[in-house]
Amino acid sequence: MNGIRILNANTVNIENCYIYGDRAGAPNGNGVWLLNTAGTTRLNIANTTISETGVGTTGGAILIKPTGSGAATVSLDHVSLLDNTRGLVVEAAGTTGAVLMVVDNSTIANNTRSGVAIITGATAVNTTITNSSSTNNLTGLYVEGSGGVVRINNNTFTSNVTGLQSVSSGQIISYGTNILEGNTSNGAPTSTIALH
0 MNGIRILNAN TVNIENCYIY GDRAGAPNGN GVWLLNTAGT TRLNIANTTI SETGVGTTGG
60 AILIKPTGSG AATVSLDHVS LLDNTRGLVV EAAGTTGAVL MVVDNSTIAN NTRSGVAIIT
120 GATAVNTTIT NSSSTNNLTG LYVEGSGGVV RINNNTFTSN VTGLQSVSSG QIISYGTNIL
180 EGNTSNGAPT STIALH
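Here the sequence shown is numbered in numbering that gives the first Met the number 0, starting from 0 and rising by one per residue.
Here it is in structure tokens:
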């Protein structure tokens, strides 16, 4: 069971919703699951809470996982991802299409795995996170793969086991305006640049 499962749609808007309790095993157990195989799907989520989804180490609040040539443009604004196995996950290694994502004014907390995880190979996943918090997760922000680039501005990463983690040439670019402290291991951005 999944809360919302999106196949080959053009645009999907989710507003003013409460999605919870999707505890099915893999590959299900997601609050919102985008898995288009071609074209670009635009997913906009606003003023929505997703909680208590996933089981064990699988599933979670939001999974963006296009395949084939599928691409995605994702916007989250005033979204809360609470008490899930995983918060916001992008898995893009199985597609040749790019993923563009913006997260604003959102809260990602109390997830047993990653708060935000970007997992890709060479496929481009460009993400900007602004005015948000990722707290009390296993990892606040995890970026894996050379195509993964996450820009962070005015966010709080605290009370996680690991605050920031990048592997396999993933990039975390900070504008120097974030709070990164109070984690068991804070980690660090891969680079810091001036805010323009």
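Backbone N, C-alpha and C define an ideal beta-carbon position, used for all residues, glycine too. Small disclaimer: the values here were computed from a predicted structure and weren't measured.
Note on methionine 0: under 16 other CB atoms within 10 angstroms of its CB, so exposed under the neighbour-count rule. In the structure shown, arginine 41 falls within a strand segment according to DSSP collapsed to helix, strand and coil.
C-alpha of alanine 91 to C-alpha of glycine 181: approximately 31 Å in a straight line.
Under a 10 Å Cβ-count criterion, isoleucine 192 is classified as exposed, with fewer than 16 other Cβ atoms of the shown protein chains found around its own Cβ. Excluding sequence positions up to five before and after histidine 77, its CB lies within less than 7 Å of the CB of Ala45, Asn46, Asn104, Ser105, all in the same chain and listed in chain order.
Under DSSP, asparagine 29 shares a beta bridge with Gly59. Here the C-alpha atom of leucine 163 lies approximately 20 Å from the C-alpha atom of leucine 62. In the three-state reduction of the DSSP assignment, histidine 77 falls in the strand class, which pools E and B. Nearest C-alpha to glycine 186 among His195, Thr72, Leu137: Leu137.
Contact between alanine 70 and threonine 39 holds, since their C-beta atoms are separated by about 4 Å, short of 8 Å. Short of 6 Å from the beta carbon of phenylalanine 156, and not among the five residues preceding or following it, lie these beta carbons of its own chain, in chain order: Ser133, Gly139, Gly162, Leu179. Less than 8 Å separates the beta-carbon of isoleucine 128 from that of valine 149.
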